[in-house]
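**Q** Before I ask anything, here is the structure I am working with.
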Amino acid sequence: GRICPEASHSKYPQPKGQKKKKVVKYGMGGLIILFLVAIIWFPLLFMSLVRSVVGVVNQPIDVTVTLKLGGYEPLFTMSAQQPSIVPFTQQAYEELSRHFDPNPLAMQFISQYSPEDIVTAQIEGSSGALWRISPPSRAQMKRELYNGTADITLRFTWNFQRDLAKGGTVEYTNEKHTLDLAANSSERRQLASLLEGTSDQSVVIPNLFPKYIRAPNGPEANPVKQLQPNEEADYLGVRIQLRRERVGSGAAGFLEWWVIELQDCQAECNLLPMVIFSDKDHGALRVHRAGHRQVRAALRGPHPQALPGHLPGAGDARAGAGGGALRQAHLPVPLARDHDQVDPREGVGAGAPHPGRKEPPGTPPGPDAAAGTKEGRKLWPLPRPAQGTSSSPRAPRGRHAGLGRPAFPSPRVL
Numbered sequence: 001g002r003i004c005p006e007a008s009h010s011k012y013p014q015p016k017g018q019k020k021k022k023v024v025k026y027g028m029g030g031l032i033i034l035f036l037v038a039i040i041w042f043p044l045l046f047m048s049l050v051r052s053v054v055g056v057v058n059q060p061i062d063v064t065v066t067l068k069l070g071g072y073e074p075l076f077t078m079s080a081q082q083p084s085i086v087p088f089t090q091q092a093y094e095e096l097s098r099h100f101d102p103n104p105l106a107m108q109f110i111s112q113y114s115p116e117d118i119v120t121a122q123i124e125g126s127s128g129a130l131w132r133i134s135p136p137s138r139a140q141m142k143r144e145l146y147n148g149t150a151d152i153t154l155r156f157t158w159n160f161q162r163d164l165a166k167g168g169t170v171e172y173t174n175e176k177h178t179l180d181l182a183a184n185s186s187e188r189r190q191l192a193s194l195l196e197g198t199s200d201q202s203v204v205i206p207n208l209f210p211k212y213i214r215a216p217n218g219p220e221a222n223p224v225k226q227l228q229p230n231e232e233a234d235y236l237g238v239r240i241q242l243r244r245e246r247v248g249s250g251a252a253g254f255l256e257w258w259v260i261e262l263q264d265c266q267a268e269c270n271l272l273p274m275v276i277f278s279d280k281d282h283g284a285l286r287v288h289r290a291g292h293r294q295v296r297a298a299l300r301g302p303h304p305q306a307l308p309g310h311l312p313g314a315g316d317a318r319a320g321a322g323g324g325a326l327r328q329a330h331l332p333v334p335l336a337r338d339h340d341q342v343d344p345r346e347g348v349g350a351g352a353p354h355p356g357r358k359e360p361p362g363t364p365p366g367p368d369a370a371a372g373t374k375e376g377r378k379l380w381p382l383p384r385p386a387q388g389t390s391s392s393p394r395a396p397r398g399r400h401a402g403l404g405r406p407a408f409p410s411p412r413v414l
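To convert, note that position 185 of the sequence shown is 185 in UniProt numbering; the numbers rise steadily by one, no gaps.
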């Protein structure tokens, strides 16, 4: 049969209005609190003791950088895979710490990472793809560099790829840095000279390459502000150059590609080192949070049921949940007091007769009859109108509009 939600009152009786003993109250409450603290605190303690469970470093398996001028064909595209993604050694970590030792904010950021959390992507300075721009686009680019009055955007983009099998939420992480070349600037004229072939000198672009990148497990990979406090002013300058190689005769017998070098490099100028700080993937912590939600849902129980669900006639489909008892109750419905002050004679529908039960003659009226009197006058509900008629000139609205029957009639004074 149906289990009543109030069955706990009969199983665990407690006289209403009587205080529980302090030993029972504080003893049970204290044990419940200790149990909840153990559920929340023990997994955190376990994960802090076992470092391998706390987080797994998911380093990038591919680092791709792209340099693009305006809306034209990208100038430079190069990728670095696993052999060129070098893990940080303890010596390199100590050198990085000594370099930023005067900066407390930088040291605070570095101390959050261990050497295995940091890698250096050694990106080749020569583009991995030939520059195959069509002659009309090349001529349009040259005209815009020479005679254009609007700024041209130089966009440097970096993209990281991770292995989702090792953790993380996204596979690709990317971000970009843009630099506007003003009209009649020296960089624009030098780039146009490279396109014409009248010059083979490299063009210096200041503050283009961010060296330190923080790559969390999300979709963004922003430059580290703690290690580059001046932001774009601390980015490294580069020299870009268009290389050509003749492979045949005629104007179409040239292969072209772009080369990027650091502006102030001392050695290995053909490499672009990008230091990447990777956050750990706390997979066990996510499992702990999911378990915490399940425990909380179990302790809180299901959502509280509405009051009509506990009333007689809840299974009457035509009347709705508890509709039969609500129709027979005198309005306004008496408000329930606190749990230890409830009078069982003042419940909703306490004085209303059961639909299928006839009271014997001489039975005294219920408490609702007394509640329906005011100053010696009795308030009785009008008889329910016949089917198809309405006791009100207006259509039912409000809380009774969806019951499929006329609204409750107003009481009249006899």
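Backbone N, C-alpha and C define an ideal beta-carbon position, used for all residues, glycine too. On a predicted model such as this, the values are computed, not experimentally measured, just so you know.
1) Can you pull the DSSP bridge partners for E261?
2) What is the residue span of the beta strand (DSSP E) that I152 lies within?
3) Consult DSSP for S126 and reduce its assignment to one of helix, strand or coil.
4) DSSP beta-bridge partners for D180?
5) Any contact between the stretch 229-246 and the stretch 183-203? By contact I mean 3 or more CB pairs, one from each, below 8 Å.
6) Closest by CA to E73, which one among D117, E187, A121 and L154?
7) What number of angstroms, rounded off, separates the C-alpha of P15 from the C-alpha of G27?
8) Return helix, strand or coil for P60, following the three-state DSSP convention.
9) Whose CA, out of Q108, L75, V247 and I118, lies closest to the CA of W257?
10) Pull up the CB-CB distance for G70 and I152, whole angstroms please, since I reckon it's below 8 Å.
11) Strictly by DSSP, which residues pair up with K280?
12) Short check: CB of L181 to CB of K142, under 8 Å?
13) With three or more C-beta pairs closer than 8 Å as the rule, is the stretch 87-106 touching the stretch 33-45?
14) If you drop the 5 nearest sequence neighbours on each side, which residues of the same chain put their C-beta closer than 7 Å to that of V86?
15) If contact is defined by three or more beta carbon pairs under 8 Å, each pair taking one atom from either stretch, is the stretch 212-228 in contact with the stretch 171-185?
16) Are there 16 or more other CB atoms within 10 angstroms of the CB of G125, so buried, or fewer, so exposed?
17) Rounded to a whole number of angstroms, what is the C-alpha to C-alpha distance between L191 and S111?
18) Could you check what DSSP says for G17 in three-state terms: helix, strand or coil?
19) Which one or two residues does DSSP pair with A80 in a beta bridge?
20) Could you pull out every residue in the same chain whose Cβ sits closer than 6 Å to the Cβ of C269, ignoring the five residues on either side in sequence?
21) Can you tell me the Cα-Cα spacing of L145 and A106, whole angstroms?
22) So, with DSSP's three-state summary, where would you put N270?
23) Report the option in N207, S249 and Q228 whose CA atom is closest to the CA atom of Q263.
24) Once you ignore the five residues that flank P223 on each side, which residues in its own chain have a CB closer than 7 Å to its CB?
25) Let me know if R246 comes out buried or exposed under the rule of 16 or more other beta-carbons within 10 Å of its beta-carbon.
26) What whole-angstrom Cβ distance do S79 and D62 have, given they're in contact under 8 Å?
27) When the Cα atoms are used, what is the spatial distance from L272 to A139?
28) Closest to Q226 by CA distance: which of S10, F109, P83 and R162 is it?
29) Looking at C-alpha atoms only, which residue of E232, G197, T178 and I205 is the closest neighbour of R188?
30) State the DSSP-derived secondary structure class of L146, mapped to helix, strand or coil.
31) Relative to the alpha-carbon of L164, which residue among K280, S84 and K22 has its alpha-carbon at the smallest distance?
32) When you compare only the Cα positions, how much space is there between F277 and L67?
33) Using the C-alpha atoms, what's the distance from Q161 back to residue 453?
34) Apply the 10 Å Cβ neighbour rule to F254 and answer buried if 16 or more other Cβ atoms are within range, or exposed otherwise.
35) Out of M274, V259, C265 and K20, which one is the CA nearest neighbour of residue 454?
36) Assign A121 to one of three DSSP states: helix, strand, or coil.
**A** Reading from the atomic positions:
1) In the DSSP output, where bridge partners are listed per residue, E261 has R239.
2) Note, I152: beta strand (DSSP E), I152 to Q161.
3) S126: strand per DSSP, three-state reduction.
4) Note: D180 sits in a beta bridge opposite T153.
5) Judged by Cβ distances under 8 Å, the stretch 229-246 makes contact with the stretch 183-203, as three or more pairs qualify.
6) Sorting D117, E187, A121 and L154 by C-alpha distance to the C-alpha of E73 places L154 at the top.
7) Counting only the Cα atoms, G27 lies some 20 Å from P15.
8) In the structure shown, P60 sits in coil (DSSP, three-state: anything other than H, G, I, E or B).
9) With distances taken between Cα atoms, W257 lies closest to L75.
10) The C-beta distance from G70 to I152 rounds to 5 Å, short enough to meet the 8 Å contact threshold.
11) Beta-bridge analysis with DSSP links K280 to V57.
12) In this structure, L181 sits away from K142, with a CB-CB distance that is not shorter than 8 Å.
13) Counting Cβ pairs under 8 Å, fewer than three are found: no touch.
14) Counting only Cβ-Cβ distances below 7 Å, and skipping sequence neighbours, we find V119, T120 and Q122.
15) They touch, by the three-pair rule.
16) Burial check for G125: the Cβ neighbour count within 10 Å reaches 16 or more, so the residue is buried.
17) Between the alpha carbons of L191 and S111 lies a gap of roughly 42 Å.
18) When secondary structure is reduced to three states using DSSP, G17 falls in the coil class, being assigned neither helix nor strand.
19) Looking at the DSSP assignment, A80 forms a beta bridge with V63.
20) Hits under 6 Å: E261.
21) Their backbone Cα atoms lie some 40 Å apart in a straight line.
22) In the structure shown, N270 adopts coil according to DSSP, grouped into three states.
23) Measuring C-alpha to C-alpha distances from Q263 to each of N207, S249 and Q228 identifies N207 as the nearest.
24) Same-chain partners within the cutoff: P210, Y212 and I213.
25) Exposure of R246 is indicated by the presence of fewer than 16 other C-beta atoms within 10 angstroms of its C-beta.
26) Contact flag correct, Cβ pair sits at about 6 Å.
27) Distance from the CA of L272 to the CA of A139, rounded to the nearest whole angstrom, comes to 30 Å.
28) Nearest C-alpha to Q226: F109.
29) Among E232, G197, T178 and I205, the Cα nearest to that of R188 is on I205.
30) A quick correction: the sequence has Tyr, not Leu, at residue 146. Y146: helix per DSSP, three-state reduction.
31) The shortest C-alpha to C-alpha distance from L164 to any of K280, S84 and K22 is the one to K280.
32) Cα to Cα, F277 sits roughly 22 Å from L67.
33) The requested residue 453 does not occur in the structure, where the chain is confined to residues 1 to 414.
34) Result: exposed.
35) Not covered by the structure: residue 454. The range shown for the chain is 1 to 414.
36) If DSSP states are grouped into helix, strand and coil, A121 belongs with the strands.
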